[in-house]
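To convert, note that position 82 of the sequence shown is 83 in this note's numbering; the numbers rise steadily by one, no gaps.
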Amino acid sequence: MTGDTQRFWYPFTATTVIARRLAPLLLVTLGAGLIIWAGREFYFWRRPWAVLPELFLGLLTWVSALYFWTLLPEVHAGEGGLAVRRLGPIWQRWTWDQVAGLHKAASIDLLGWSESFYTVSVWRPLAGRRGRTRRAWHRRPVRAFRFSGHIRNCERLVTLIGERLQEV
2 MTGDTQRFWY PFTATTVIAR RLAPLLLVTL GAGLIIWAGR EFYFWRRPWA VLPELFLGLL
62 TWVSALYFWT LLPEVHAGEG GLAVRRLGPI WQRWTWDQVA GLHKAASIDL LGWSESFYTV
122 SVWRPLAGRR GRTRRAWHRR PVRAFRFSGH IRNCERLVTL IGERLQEV
């Protein structure tokens, strides 16, 4: 990302702490407990088919913990395009030519507290094209990432993406 880059992230509130730290920690602990329980039952009963449900649930809770870690993306927007970090040090980058659109996916109003969810899509070539896009109909928009209106400076991010889409 070259030039002036703006950073958009989720503020440090009770909701984000629960979503990013507490829920994955509890799920990893639950998954470890289920896997240990399955190992204990296998050692005691010597029947592998009897421990498959516990083992499956333990692995499923670990997968759901990974999902919680990817819920709150960090977005950088600059002259070069968009960059999104969801999994630790791994960044996904798209130039402004690759960004297809920004859509409001949902808007929720709960007792006066409103929340909006946005979807950013990027262009991907159609299947069987091997990456070649000679015409506009050789590509289709695919969801790149989603973010909520709870992200810090969300209005600025939405207007910045909208301005860049109109330029391209």
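Where a beta carbon is used, it is the ideal one built from N, C-alpha and C, also for glycine. Given the structure is predicted, the values throughout are model-derived calculations rather than measurements.
DSSP assignment within the region 29-70 yields the following whole alpha helix (DSSP H) runs of 4 residues or more, N-terminal first: 53-70.
Around the CB of V64, fewer than 16 other CB atoms lie within 10 Å, so the residue is classed as exposed. Within the same chain, Cβ atoms closer than 7 Å to the Cβ of R140 are found at W124, R125, P126, L127 and T134, the five residues on either side in sequence being excluded.
When secondary structure is reduced to three states using DSSP, P25 falls in the helix class. Around the beta-carbon of T160, fewer than 16 other beta-carbon atoms lie within 10 Å, marking it exposed.
With 16 or more other Cβ atoms from the protein chains shown falling within 10 Å of its own Cβ, F148 counts as buried.
Looking at the DSSP output, Q167 shares a beta bridge with no other residue. The distance from the Cβ of F118 to that of A101 is about 18 Å, inconsistent with a contact at the 8 Å cut-off.
Look at L88 here: in three-state DSSP terms it is strand.
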